[in-house]
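Each residue of the sequence shown is one higher than the last, beginning at 9 in our numbering.
Think of the CB as a built atom: it goes at the ideal place given N, C-alpha and C, for glycine as much as any other residue.
The model shown is predicted, which means the values in this text are computed figures rather than measured ones.
Working notes for the structure below.
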Amino acid sequence: MPRIIEGVRLTRMDLMKTRTKIRLATKGHKLLKEKRDALITEFFKVVENAKGIRGELSENLVQGRVNLIKTKALMGTNEVQSIANSTPAMGEVEFGFRNIMGVKIPVLQKADDIDEKKMSYTLMYATPKLEESTVNFSIAAQKLIRLIESEETVKRVGNEIKKVKRRTNALEYILIPNLEYTKKYIEMRLQEIERENFFRLKVVKKKKMKK
């Protein structure tokens, strides 16, 4: 149930202040709803994107493993292990941010790719299946980075949606109703005071006329 805002006086000045607060709260509520709706749209978009990336990652890992097993059968485990040991590491991942409706979203990017010359030298005597496996796992590494980025985005946008919802509900169900109730109460009391003053003036006037 709405209640009167504490500290409000029965004056026209406080009535004007309350009306201003109602306008600002209503405008803020509208903006928060727009932000919430935009975030929800972005949330489902990112979730759908993450599902697609997860599927592609799984597919590349499975295909890479199949090709690797075939390579071991053709070249031998020791030879494949030797090639793996001489293959350069994937490289570092750079970390940054972008902004979505005031929410900081992580952006991950591989700093550098595996040196193609070293790879071509390393795989000079390798089978096509090993090359295919290498490509599969290289793509999987990129997909994994995109998946981490997407899932962290889902988490951050989801948390922001909860915050915006709480603020929107606080305005809609608590602050604005209390302000409206306070405004009506001040208006009603001011009208009563005006009627009392008017009646008092009439009484005084009648007394003066009788004298």
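Asked                                                                                     : Found
Cβ-Cβ distance between residue 184 and residue 37 below 8 Å                               : yes
Simplified DSSP state of residue 166, which is helix, strand or coil                      : helix
Simplified DSSP assignment, three categories, for residue 77                              : helix
Cβ distance (whole Å) where residue 44 is taken to contact residue 169 below 8 Å          : 6 Å
Distance CB(residue 33)-CB(residue 187) smaller than 8 Å                                  : yes
Any 3 or more C-beta pairs closer than 8 Å across the region 100-109 and the region 77-91 : no
Simplified DSSP assignment, three categories, for residue 104                             : strand
The region 131-150 / the region 59-71 touching (three or more Cβ pairs under 8 Å)         : yes
Option in 23, 158, 62 with minimal Cα separation from residue 199                         : 23
With 16 other Cβ atoms within 10 Å as the buried cut-off, status of residue 211           : exposed
For residue 111, the three-state DSSP class (helix, strand or coil)                       : strand
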